[in-house]
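What follows is one structure encoded as structure tokens, with my remarks underneath.
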Amino acid sequence: MIYKPPQQKLLRWIALFLIGTFLQLLFYIPTPVLSQSNSCSNITVPLTPEEQTYARGAWQYFVKNYQPTTGFSNSTGGYPSGTLWDMGNYLMALNAARWLNLTDQADFDNRLNKFLTTLNSLKLFEDTLPNKVYNTATAQMVDYNNNPVERGLGWSALDVGRILAAFDVIRTCHPQYNDWLKGIVAKWQVARSLKDGQLFGATVLPDKKTLLVQEGRLGYEEYAARGYQLWGFSAPKAISLEPFKLVEINGVQIPVDTRDFQSTNANNYVVSESYILEGIEFGLQGELADFAARVLDVQKRRFDTTGQLTAVTEDNIDQTPYFLYNTVYANGASWATITDANKAYPQFRSISTKAAFGWRYLFPDNAYAQKVFDAVKDLRSPDDSGYYAGIYEESKQPNKALTGNTNGLILEILYYKARGNHPLIASTSASVSSGKPSENASPATPANSTATPATPPIATPANTSTKVIEVTVAPIPPVDSPKSSSNLKLDRPLTIIERRYADAAWGYFQANYHSKSGLIDDRSDFKGATFWGLGDYLATLHAVRSLDIITPKEFDGRTRQLLAALTKLPLFAGELPSRGYDTRSLQPIDYGGNPAPEGTGWSALDLGRMLTALYNLKTCHPEYTAAVDKIVLDWSYLRVVREGILSSATVIKDQDGRLLTRVNPETRLGYEEYAARGFQLWGFNVEHSAVGGEYQTALVEGVKVPTQRHRTDTNSKVNQYTVSNPFLLYALEFGLDPQMRSLFEPIFQAQAERYRRTGIFTASATTLIDRKPYTVHSTITGEGESWVALGDDGKLVPKGRLVSTAVAFAYHALLPENKYTQELLQGTTDLYNPLVGFYEGFYETTGKTAVGFTSSTNSMILQSLLSEVTNRQPLIRPTTTMKSPWWQAVAQGDSGRGLPNTARQRTKLTSDSSGTYWVSGSENTTLGSGTKVTN
């Protein structure tokens with residue numbers, strides 16, 4: 010007989026209402042797969058024929074309760090409902106079934122692909138985390154009566170911890186699914202279920218408000234926190250065992266959580282299952298090993314005293330109230346059998362099948378564990394539907410509830426035994442499955458890398474074994490009068506959702522901050538920075554202070570340390586900052602991360618980025634003016650600005666091994682124009698690099714898209730491709746003057762038209778990935794072709810095009826009323842991990858997330874948010890004084906440093922009917938004139 014359990018069957022977690030406000034993050038813990046001495050497939054203690062019968066019987070539950078439409082499995086027999094905990098049970102069962110040869114690789118892959126496809130597309134509670142319960146046949150959010158609910162009921166942090174543990178086992182034993190699982194976790198806002206080092210869940214109150222409540226009591230709290238920890242989410246209080254006390258029951262001192270029902274409205278029950286899960290998955294160690302032994306021993310003592318076999322834990326039952334907690338202790342009472350609402354049902358206390366199996370295989374030499382196991386080992390349904398939940402103590406009749414929890418745990422326990430009693434998670438796999446995820450598997454592995462436009466990526470970090478001496482940089486002395494905020498006026502505050510995005514983007518700069526040096530890594534997997542990346546960081550500091558994401562104290566501390574670090578960076582040839590620095594030692598490095606004591610040249614583009622950020626710092630935060638000017642006055646500009654154009658230096662080695670410096674004009678479309686505007690802020694005449702003049706175009710989607718500037722000063726063909734990044738940064742910071750607008754608009758129009766024609770989201774940018782070629786330019790046009798993905802070497806990258814998260818945010822900030830930018834933003838806003846920031850984007854062809862973390866992407870997102878709340882005014886603000894040390898030095902002349910020849914800016918802020926923007930202010934520039942384009 011199959012019993013239909015009503016809502017009470019799932020009430021097991023309602024007492025543990027959690028709820029996360031937006032996290033308190035400790036630090037990001039990477040998620041490597043742990044090394045493991047015993048492989049997943051290495052069955053060192055094969056099941057006996059009798060044990061094989063147990064395993065086949067348990068697997069039949071999942072065969073008969075499989076939902077082919079969704080790939081889910083029912084939590085109870087014949088009833089299409091399930092929680093995230095139940096989904097974790099199923100994944101553990103599926104993995105065990107594969108290695109115990111209860112199913113083959115093809116069936117495993119089919120089941121897991123369907124499961125993950127559905128899981129990845131689940132509607133989340135408040136777009137945050139999976140709802141507490143879903144209809145397993147339709148994947149709809151439902152209530153505990155299996156009725157659809159549009160909003161959902163909330164989330165359970167304990168259930169999240171359970172499935173994270175299961176995810177870890179799957180990615181370990183079947184690494185071909187690693188990318189997919191990481192992408193799912195990344196999509197969830199897991200960190201919102203963490204606060205003050207504890208686990209929090211969410212529930213909806215009668216007044217429709219969402220309630221945030223700490224979740225978890227001794228046993229399950231620690232288990233769930235370990236699941237979080239496997240994926241880099243730290244909950245130190247949840248994992249610490251405290252607070253607990255020892256209560257004597259049947260002569261045994263039993264650990265009991267001191268947070269009782271009366272004071273917290275949550276049950277502090279002591280049951281078997283949490284310790285069994287801890288043992289078979291993580292291994293019982295230290296105090297938890299002692300606690301588990303006590304919990305088993307007290308059940309034996311009860312048997313010794315009463316003659317009643319005892320194996321208590323929570324279970325479904327086959328009659329009202331359908332779900333009970335059979336406990337060693339709960340809410341002040343020993344051997345309590347209660348509902349979630351603490352109502353007693355002692356007549357329905359039962360011997361739990363899963364608990365008996367667990368104790369038998371965790372303590373194989375324990376005579377009592379063997380005795381209670383013998384009572385239930387054959388308690389299978391006669392129609393081969395799986396194991397029953399247990400035996401009622403009072404009536405001695407079977408509790409005929411059939412559940413995924415019971416049968417899943419049995420399979421997991423038998424797999425643990427077959428592995429020689431090696432914990433499933435304490436060690437990982439060397440021999441793994443070779444099946445394949447489906448082609449639409451989504452999203453991809455985090456690829457920790459950051460794009461900097463002026464420099465090629467650091468493809469493969471080298472010399473990682475070389476010990477780096479970290480430098481401690483003391484901040485510059487306190488400034489005279491630090492302000493509480495910048496002088497940038499906000500048109501409106503951030504919305505709640507916008508603030509969530511800002512917090513997430515700022516997470517990158519928290520996770521990749523070197524507190525000793527004060528620097529930020531350009532990308533999260535490499536301890537290096539370019540001047541472009543450091544300019545991103547400085548612009549970010551201004552943005553987060555303006556948005557009130559960080560306090561004035563933190564802004565001041567970080568800014569003063571960064572300014573101090575900039576004064577200590579060795580200069581190439583004693584002139585200008587080198588192209589790259591180790592963020593720990595402050596020493597020059599090449600793009601492979603190798604030490605380069607003499608430097609590798611300089612980038613005029615990087616300098617333009619930094620000059621722009623420094624200018625805005627002293628304009629919006631004038632208290633730092635003297636420190637900023639001291640930095641830029643240390644540099645020599647004799648070779649970077651020549652005859653009105655920007656030039657960069659590289660170092661080459663001749664046939665005799667000599668290092669030679671070569672200085673060549675910059676020609677990178679968009680980047681040159683952006684950097685030139687930065688130099689103009691400081692008075693440099695770079696009229697031939699500034700936006701203007703004649704541009705060649707290519708016809709893309711019926712639109713004339715600029716491809717390169719028509720010029721006679723160089724014949725360079727390096728990096729002739731068109732991407733969005735530099736034009737967006739220019740627009741955000743300097744506004745769209747008529748000349749830049751004539752370039753910006755066709756670049757956007759071509760992408761929007763491609764989406765209209767093909768339905769393919771298009772946000773073309775330079776991004777970094779975690780495999781060769783490491784840098785991908787998803788071009789609008791490049792190498793004479795439209796919509797190609799190119800590496801830095803100009804070679805095609807098949808299926809390499811990405812939709813850039815940063816580009817999506819920036820286009821929406823600049824063109825908020827445009828339907829395409831609205832749709833584009835919706836496609837990318839969930840691509841973040843609150844601990845480490847937004848990912849680079851997703852692949853056009855597969856939808857997989859390109860989950861690298863970079864300062865460039867997260868900086869542009871923060872600047873985009875700042876632009877939105879300042880009504881799209883240019884983020885660079887004009888100076889109010891020309892009496893600073895810089896302008897005084899310029900006025901004195903004959904500096905020997907190549908300073909401007911007149912003490913005036915070469916650009917100015919102006920407004921007309923089209924908006925506010927910066928324009929060139931020299932006599933040789935016709936303001937308001939268009940830029941000429943030719944085919």
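For the sequence shown, the working numbering gives the first residue as 10, with consecutive numbering after it. Cβ coordinates follow ideal geometry from the N, Cα and C atoms, glycine included. Quantities reported herein were computed from a predicted structural model and do not represent experimental measurements.
Judged by DSSP in its simplified three-state form, isoleucine 485 adopts coil rather than helix or strand. In the structure shown, aspartate 802 adopts coil according to DSSP, grouped into three states. Looking only at Glu282, Thr634, Glu681, the smallest Cα-Cα distance to isoleucine 654 is reached by Glu681. A Cβ-Cβ contact shorter than 7 Å links arginine 369 with alanine 378.
Annotation: the continuous beta strand (DSSP E) that includes tryptophan 927 extends over 924-929. Between the segment 138-154 and the segment 196-209, the count of Cβ pairs shorter than 8 Å is three or higher; the stretches touch. Taking every protein chain shown into account, the CB of histidine 719 has fewer than 16 other CB atoms within 10 angstroms, so this residue is exposed. Its chain contains Lys426, Ala427, Gly429 as the residues whose beta carbon lies nearer than 7 Å to that of valine 54, once the 5 sequence neighbours on both sides are disregarded; these appear in chain order.
Cβ neighbours of proline 252 within its own chain (closer than 8 Å, five residues either side excluded): Asp266, Thr267, Arg268. Residue pairing from DSSP places valine 265 in a beta bridge opposite Lys254. Rounded to the nearest whole angstrom, the C-alpha separation of leucine 741 and tyrosine 829 is 19 Å. Around the beta carbon of proline 909, 16 or more other beta carbons sit within 10 angstroms, so the residue counts as buried. For phenylalanine 291, the closest C-alpha among the options Glu224, Arg171, Thr273 is that of Arg171. DSSP, reduced to helix, strand and coil, places glycine 544 within a helical segment of the structure shown. When the alpha-carbon of phenylalanine 753 is set against those of Thr767, Arg766, Asn734, the nearest one is in Asn734. Taking C-beta separations shorter than 7 Å and ignoring five residues to either side along the sequence, the partners of alanine 483 in its chain run Ala573, following chain order.
The alpha-carbon separation between leucine 556 and arginine 750 amounts to approximately 27 Å. In the three-state scheme derived from DSSP, where H, G and I count as helix and E and B as strand, glutamate 224 is classed as coil. Collapsing the DSSP output to three states places aspartate 349 in coil. Boundaries of the beta strand (DSSP E) harbouring valine 709: 703-709, taken from the DSSP string. Spanning the alpha carbons of phenylalanine 312 and leucine 318 requires a straight line of approximately 5 Å.
DSSP places glycine 91 in the strand class (E or B) of the three-state scheme. Contact annotation: the segment 64-84 touches the segment 143-150, with at least three C-beta pairs closer than 8 Å.
At the C-beta level, valine 660 and threonine 676 stay beyond 7 Å of one another. At a Cβ-Cβ threshold of 7 Å, valine 256 and valine 337 do not count as neighbours. The beta carbon of alanine 320 sits closer than 7 Å to the beta carbons of Ser281, Gln308, Ile360, Ser361, Ala364, Ala365, Trp368, Val381 from its chain, once the five residues preceding and following it are set aside; these are given in chain order. When rounded, the separation of the alpha-carbon atoms in leucine 528 and valine 480 is 11 Å.
Taking one beta carbon from each stretch, the segment 793-812 and the segment 770-782 have 3 or more pairs nearer than 8 Å; the two touch. A Cβ-Cβ separation of about 21 Å leaves threonine 916 out of contact with serine 904 under the 8 Å criterion. In the three-state reduction of the DSSP assignment, histidine 551 falls in the helix class, which pools H, G and I. A distance below 7 Å separates the beta carbons of alanine 774 and valine 816.
Distance between lysine 662 and threonine 609, taken at the CA atoms: about 11 Å. Contact annotation, tyrosine 63 with lysine 386: C-beta distance approximately 7 Å; criterion of less than 8 Å satisfied. Judged by DSSP in its simplified three-state form, valine 72 adopts helix. With respect to the 7 Å criterion, lysine 536 and aspartate 530 are classified as neighbours on the basis of their beta carbons. Assigned with DSSP and collapsed to three states, histidine 630 falls in coil, not helix or strand.
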